[in-house]
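Here the protein sequences line up with chains E and P, keeping their order. One point on numbering: in the UniProt record's numbering, the residue at position 147 of the first sequence is 147, and numbering is uninterrupted. One point on numbering: in the UniProt record's numbering, the residue at position 314 of the second sequence is 314, and numbering is uninterrupted. For every residue, glycine included, the Cβ atom is placed at its ideal position computed from N, Cα and C. Each remark here refers to the structure printed beneath this line.
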Amino acid sequence: MDEELGGLTEDDFVIPPVKYEYLDHTADVQLHAWGNTLKEAFEQCGMAMFAYMTEMPYVQIREVHTIEANADDLMGLLYHFLDELLFLFSVEPFLICKKLVITEFNTQEFRIVCKCYGEEFQIGKHPQGTEVKAITYSAMQIVDEPKDNKYEVFVIIDI
Amino acid sequence: MVVRQYNEELKYLEKINPYCWRIKMGFQPNMNVEGVFYVNSTLEKLMLDELKNSCRPGMTGGFLPGVKQIANVAALPGIVGRSIGLPDVHSGYGFAIGNMAAFDMADPKSIVSPGGVGFDINCGVRLLRTNLHEKDVQPIKEQLAQSLFDHIPVGVGSKGIIPMNARDLEEALEMGMDWSLREGYVWAEDKEHCEEYGRMLNADPSKVSLRAKKRGLPQLGTLGAGNHYAEIQVVDEIFDKYAAGKMGIERIGQVCVMIHSGSRGFGHQVATDALVQMEKAMKRDQIETNDRQLACARINSVEGQDYLKAMAAAANFAWVNRSSMTFLTRQAFAKQFKMAPDDLDMHVIYDVSHNIAKVEEHVVDGKMKTLLVHRKGSTRAFPPHHPLIPVDYQLTGQPVLIGGTMGTCSYVLTGTHQGMTETFGSTCHGAGRALSRAKSRRNIDYKEVLTKLESMGISIRVASPKLVMEEAPESYKNVTDVVNTCHAAGISKKTVKLRPIAVIKG
């Protein structure tokens, strides 16, 4: 599902605004992300995780990879989505992502398809941030309140 | 979770001696046994503050304090004795970090929990000695630190340099340090000074997902990031001359190397996979726990057995990992001193595992029982004459390696008979965090930390600048408090104090 660089359009290089922050936890870190839709909050949460691993200004968009995540419930979906992203970083293609675009966001059958824009992580080019060991369900929260237009997620990552 | 006022909560806690508190039944629902935790007056305050904070109104969706987590573990099926918090205990995922618990293998309801081992399976500490003195190292300290940093791949995204393909990995997972020995990375005597002789025999690579193997392959022989490190240390104080002598530590100023690392992405993935499987097993077998994070399965279930076999493979991975870095460390020293590692007497003093579950024999209520002992952020500390410790340490007790934090000292302890009866032969594992990472980065200045380390005569090589703040000594409990509590409580005995002169970190 990989695309050549030439296949990217100008839109693909537009970097979304930052809608995430890092909250305190004694041993680990809690990602807090939000958006105008739940889909956007999920995308932002994934980008928050990558931004913890390096400094984003050093990352260029040179490759696109597609991941899929499936689960039995919404929290499981967020968990597996992040786990797939971590896997994409940990093995070939060792992708560090600058931008995530979820192309399929199915909250009935709990399925995500996401385009991941970035490049191979290279020591020397990319400053080394913190290593993420695993995603956890610990104190996970998903705020999905369309009537208040409120979409937020909270995830603790084990570092 | 039971919500009570702080002063109500305190009624369930009782200080039984200056170093030990009892957690009474009813503190959390369904407790099968009592809990206990070891603290001195300084650590006690940290522990109770954590509880007090969690009692504040509006603390929903927050984190369970360590003392509550110890009590939740006491409610797991099949637990015997007590759920034990060691002096470095702090809030973790399901189990507290610095929490140990033993489960009766003969009880069909007994469980195994990946949360009781941790994500970094067989994370541990290895200590190498040398025959060098601090004054031999001082003139070339910077070059030596740089050389170690160049030899050992560190930090996020680093890849191992030990040649390895998928087939080698399968063999390494099965054989542990026997693989390292066969491939020429370690010395035969290294194995002798390692828990389980560096190989868990029940490892079964076929129980490990392809995903875990894929994550593990590029990372074998890498240090990792976070609190992992390689340090050049010197002996600062000897408390027990006889025991130190048995370890080959003869004098103040003697140079040692400490390596703190684990099973990298491999172990993390094994744990992640098991947690998913166990959620299903819990529903099927109707296992009730107080906290969703305490995912577990009956020891005798397919999921339980598969996890133990995969965990053993991850433990073997970690030993091969530390062995690979032992090899690289010996190479770095050999190059700088233009002497063979043999001639530098670079022997492994010991290698401990502080995130692991093991089948052990213990006396419970006067009867010998076979138990599955979970140690999460806790180190085995077997007493003198225990059959599972190497012949060199039969008279001293097992060496216990307690890593400090960047810039603070580390300790070697030995196991005691009292520890064997009180804590199933377990003690602390390190300093334990006191400040959150985010708070450290806000409150601690990068340059100040580096200047302070420099003024203490410590060379530092860190891949990630952020980590310098996160891992600053101020972010941790004082390791000396932790170790002194273990010593005073009698669950292990101080032998040697080491101070760092060079730190290599992710």
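Which class does residue 161(E) belong to by DSSP, given the choice of helix, strand or coil? The shown model of chain E, from 1 to 159, leaves out residue 161(E), and the question about it has no answer.
List in chain order: all unbroken alpha helix (DSSP H) runs of 4+ residues lying wholly within the segment 30-89 of chain P. Segments of the alpha helix (DSSP H) lying fully in the segment 30-89 of chain P: 41-54, 66-73.
What does Y185(P) pair with, by DSSP beta-bridge criteria? For the purposes of this step, residue 185(P) is taken as the residue at position 185 of the second sequence. In the DSSP output, where bridge partners are listed per residue, Y185(P) has none listed.
Whole-Å CB distance - A502(P) paired with T289(P), under 8 Å assumed: Position 502 of the second sequence, counting from 1, holds the residue named residue 502(P). Position 289 of the second sequence, counting from 1, holds the residue named residue 289(P). A Cβ-Cβ distance of about 44 Å is found for the pair A502(P) and T289(P), leaving them out of contact under the 8 Å criterion.
Going along the chain, which unbroken runs of the beta strand (DSSP E) with 3 or more residues stay wholly within the segment 220-264 of chain P? If we require 3 residues or more, the beta strand (DSSP E) runs fully inside the segment 220-264 of chain P come out as 229-238, 254-261.
At a Cβ threshold of 8 Å, is D83(E) touching chain P? Translated into positions along the first sequence, residue 83(E) becomes position 83. Closer than 8 Å: yes.
May I have the straight-line CA-CA distance separating F50(E) from K115(E), to the nearest angstrom? Your numbering for residue 50(E) matches position 50 in the first sequence. Your numbering for residue 115(E) matches position 115 in the first sequence. Just so you know, the alpha carbons of F50(E) and K115(E) end up roughly 14 Å apart.
With contact counted as at least three CB pairs below 8 Å, one residue from each stretch, are the segment 356-363 of chain P and the segment 371-385 of chain P in contact? Pairwise C-beta distances place the segment 356-363 of chain P in contact with the segment 371-385 of chain P, as three or more of them are shorter than 8 Å.
Do the CB positions of V156(P) and S464(P) come within less than 8 Å of each other? Locating residue 156(P) in the second sequence gives position 156, where the first residue counts as 1. Locating residue 464(P) in the second sequence gives position 464, where the first residue counts as 1. Against a cut-off of 8 Å, the Cβ pair of S464(P) and V156(P) comes out as a contact.
In whole angstroms, what separates the C-alpha of I249(P) from that of R129(P)? In the second sequence, the residue the question calls residue 249(P) occupies position 249. In the second sequence, the residue the question calls residue 129(P) occupies position 129. The straight-line gap from Cα to Cα measures roughly 7 Å.
Note the first and the last residue of the continuous alpha helix (DSSP H) segment covering P465(P). The residue given as residue 465(P) occupies position 465 in the second sequence. Per DSSP, P465(P) belongs to the alpha helix (DSSP H) from 465-470.
Along chain P, in chain order, which residues have C-beta atoms closer than 9 Å to that of Y22(E)? Within the first sequence, numbered from 1, the residue matching residue 22(E) stands at position 22. Those are R437, A438, R441, listed as they occur along chain P.
Looking only at C-alpha atoms, which of Q141(E), I135(E), E119(E) sits nearest to A60(E)? If you number the first sequence from 1, residue 60(E) lands on position 60. Checking the sequence, you will find Gln at residue 60(E) rather than Ala. The residue with the shortest Cα to Cα distance from Q60(E) is E119(E).
Does any residue of chain P have a CB that is nearer than 8 Å to the CB of I67(E)? Sequence index remark: in the first sequence, residue 67(E) carries index 67 (1-based). Contact of I67(E) with chain P is not assigned, every C-beta pair being separated by 8 Å or more.
Once the 5 residues before and after I299(P) are set aside, which same chain residues still bring their CB inside 8 Å of it? Working through the second sequence from its first residue, we reach residue 299(P) at position 299. Within the same chain, I299(P) has close Cβ partners G78, F103, M105, S110, I111, V112, Q305, L308, L372.
Taking beta-carbon pairs under 9 Å, can you tell me which members of the segment 193-214 of chain P lie near chain E? Residues of the segment 193-214 of chain P with a Cβ closer than 9 Å to any Cβ of chain E, in chain order: R211, K214.
So the candidates are Q5(P), E44(P), P87(P), P218(P); which of them puts its Cα closest to the Cα of H487(P)? Within the second sequence, residue 487(P) is the residue found at index 487, counting from 1. Selected option, being the one with the closest Cα: P87(P).
Does D351(P) come out as helix, strand or coil in the three-state DSSP assignment? Locating residue 351(P) in the second sequence gives position 351, counting from the first residue. The DSSP-derived three-state label of D351(P) is strand.
Residue range of the alpha helix (DSSP H) that K452(P) falls in? In the second sequence, residue 452(P) corresponds to position 452, counting from 1. From DSSP, the alpha helix (DSSP H) with K452(P) extends over 446-455.
Spell out whether any CB of chain P is found under 8 Å from the CB atom of V91(E). As a working note, residue 91(E) is residue 91 in the first sequence. Contacts with chain P at 8 Å (Cβ-Cβ) include V91(E).
For V59(E), would you say it is in contact with chain P, using Cβ-to-Cβ distances shorter than 8 Å as the test? Numbered from its first residue, the first sequence carries residue 59(E) at position 59. Taking 8 Å as the CB threshold, V59(E) stays off the interface with chain P.
CB-CB length for V352(P) against G124(P), believed under 8 Å: Looking up residue 352(P) in the second sequence gives position 352. Looking up residue 124(P) in the second sequence gives position 124. Right, their Cβ atoms sit about 5 Å apart.
Do F119(P) and H354(P) count as a contact pair if the criterion is CB distance below 8 Å? For this step, residue 354(P) is matched to residue 354 along the second sequence. For this step, residue 119(P) is matched to residue 119 along the second sequence. Contact: no.
Flag R167(P) as yes if its beta-carbon sits less than 8 Å from any beta-carbon of chain E, otherwise no. The count along the second sequence starts at 1 and reaches residue 167(P) at position 167. Proximity of R167(P) to chain E, defined by a Cβ-Cβ separation below 8 Å, is not satisfied.
Give the DSSP-derived three-state secondary structure of V482(P) in the structure shown. By one-based count along the second sequence, residue 482(P) stands at place 482. Note: V482(P) maps to helix in three-state DSSP.
Under the three-state reduction of DSSP, which class applies to C194(P): helix, strand or coil? For the purposes of this step, residue 194(P) is identified with residue 194 of the second sequence, where counting begins at 1. In the structure shown, C194(P) sits in coil (DSSP, three-state: anything other than H, G, I, E or B).
Indicate whether at least one CB of chain E lies closer than 8 Å to the CB of A225(P). Here residue 225(P) refers to the residue found at position 225 when the second sequence is read from its first residue. Cβ-Cβ to chain E under 8 Å: yes for A225(P).
Pull up the distance between the alpha-carbon of I444(P) and that of E171(P), whole angstroms please. On the second sequence, residue 444(P) is found 444 positions in, with the first residue counted as 1. On the second sequence, residue 171(P) is found 171 positions in, with the first residue counted as 1. So the two alpha carbons sit approximately 45 Å from each other.
Within 8 Å (strictly less), CB to CB, does V156(P) reach chain E? Taking the second sequence and counting its residues from 1, one reaches residue 156(P) at position 156. Chain E contact via Cβ: present.
Classify R126(P) as helix, strand or coil using the three-state DSSP reduction. Taking the second sequence and counting its residues from 1, one reaches residue 126(P) at position 126. For R126(P), the three-state secondary structure derived from DSSP is strand.
Check whether chain P comes within 8 Å of Y137(E), counting only Cβ atoms and requiring the distance to be less than that. For the purposes of this step, residue 137(E) is taken as the residue at position 137 of the first sequence. Interface with chain P (8 Å Cβ-Cβ cutoff): Y137(E) is included.
8 Å Cβ cut-off: residues of chain P touching G129(E): Within the first sequence, the letter at position 129 stands for residue 129(E). Going along chain P in sequence order, the residues near G129(E) (Cβ under 8 Å) are V156, S464, K466.
CB N99(P) to CB G85(P), shorter than 8 Å? Here residue 99(P) is taken as the residue at index 99 of the second sequence, counted from 1. Here residue 85(P) is taken as the residue at index 85 of the second sequence, counted from 1. A contact, by the Cβ cut-off of 8 Å.
Cβ closer than 8 Å: which chain E residues qualify as neighbours of A271(P)? If you number the second sequence from 1, residue 271(P) lands on position 271. Those are A134, listed as they occur along chain E.
Excluding the five sequence neighbours on either side, which residues of its own chain have a C-beta within less than 7 Å of the C-beta of K335(P), listed in chain order? Walking along the second sequence from the start, residue 335(P) turns up at place 335. A distance below 7 Å between beta-carbons, with the five flanking residues on each side excluded, links K335(P) to the following residues of its chain, in chain order: S147.
Tell me which residues share the same chain as N17(P) and place their Cβ nearer than 7 Å to its Cβ, disregarding the 5 neighbours each side in the sequence. Counted from its first residue, the second sequence places residue 17(P) at position 17. When the five nearest sequence neighbours on each side are left out, no beta carbon in the same chain lies closer than 7 Å to the beta carbon of N17(P).
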